[in-house]
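For the sequence shown, the residue numbers in numbering that gives the first Met the number 0 are 0 to 125. Heads up, the beta-carbon is just placed ideally off N, CA and C, and yes, glycines get one too. Below: one structure, written as structure tokens.
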Amino acid sequence: MSVSTGSIPASQIQPPQNHRHLWKELITESENKRNAAEEYRRTQMPILEPPPHPAIDYLNDTLFPVLNAGLIKMLHKIKEQENQIFTEGDTYLNTVNFIAEFLWNMNPNHPERKENWSDISSIIWN
Numbered sequence: 000m001s002v003s004t005g006s007i008p009a010s011q012i013q014p015p016q017n018h019r020h021l022w023k024e025l026i027t028e029s030e031n032k033r034n035a036a037e038e039y040r041r042t043q044m045p046i047l048e049p050p051p052h053p054a055i056d057y058l059n060d061t062l063f064p065v066l067n068a069g070l071i072k073m074l075h076k077i078k079e080q081e082n083q084i085f086t087e088g089d090t091y092l093n094t095v096n097f098i099a100e101f102l103w104n105m106n107p108n109h110p111e112r113k114e115n116w117s118d119i120s121s122i123i124w125n
């Protein structure tokens, strides 16, 4: 089926429109509004300091230094007993018990425990 151009007058034929300029205007307008909103937000909102975290501060100041020292001591013990650990099996040095014993004896609330070191098997857990 052929369409003859004679059936539509030339004055009614619209050339294809290029909407790129409209799209660019829309993007520019959107960016300007977003920048204005960001600037307003920066000037209106105070910079907030993070709230204090007493639990985290306690861990960082009290527990982690002792735990870190215990982990380092445990790694040295593993290095010393490396041959025995691998020949006698992995139960020769129980790392969980080692850390529990270390934390028990190095508790800063009980400094007397440092002087009278208790083995994990002799600790009475209340």
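Do you know whose CA, among Asn125, Phe97, Gly69, Ala68, lies nearest Asp118's CA?
As a working mapping, residue 118 is identified with position 119 in the sequence shown. Ranking Asn125, Phe97, Gly69, Ala68 by Cα distance to Asp118 puts Phe97 first.
By the three-class DSSP mapping on this structure, what secondary structure does Ser117 have?
Taking the first residue of the sequence shown as 1, we reach residue 117 at position 118. Of the three classes helix, strand and coil, the one that applies to Ser117 here is coil, per DSSP.
Check whether Arg112 and Asn125 have beta carbons under 7 angstroms apart
Along the sequence shown, one-based indexing puts residue 112 at 113. Along the sequence shown, one-based indexing puts residue 125 at 126. No, Cβ-Cβ distance for Arg112 and Asn125 is not below 7 angstroms.
Jot down the residue ranges of each uninterrupted alpha helix (DSSP H) in the stretch 16-89, minimum 4 residues, whole runs only, in chain order.
19-43, 53-57, 63-79, 81-87
Measuring only the C-alpha atoms, how far is Glu37 from Thr27?
On the sequence shown, residue 37 is found 38 positions in, with the first residue counted as 1. On the sequence shown, residue 27 is found 28 positions in, with the first residue counted as 1. If you take the alpha carbons of Glu37 and Thr27, they lie about 15 angstroms apart.
Measuring only the C-alpha atoms, how far is Ile55 from Glu100?
Within the sequence shown, the letter at position 56 stands for residue 55. Within the sequence shown, the letter at position 101 stands for residue 100. Spanning the two alpha carbons is a distance of roughly 23 angstroms.
Quick one: measure Cβ to Cβ for Leu66 and Leu102, integer angstroms, because I've assumed they're closer than 8 angstroms.
To locate residue 66, count along the sequence shown from 1; it is residue 67. To locate residue 102, count along the sequence shown from 1; it is residue 103. Their Cβ separation, rounded to whole angstroms, is 7 angstroms, which keeps Leu66 and Leu102 in contact under 8 angstroms.
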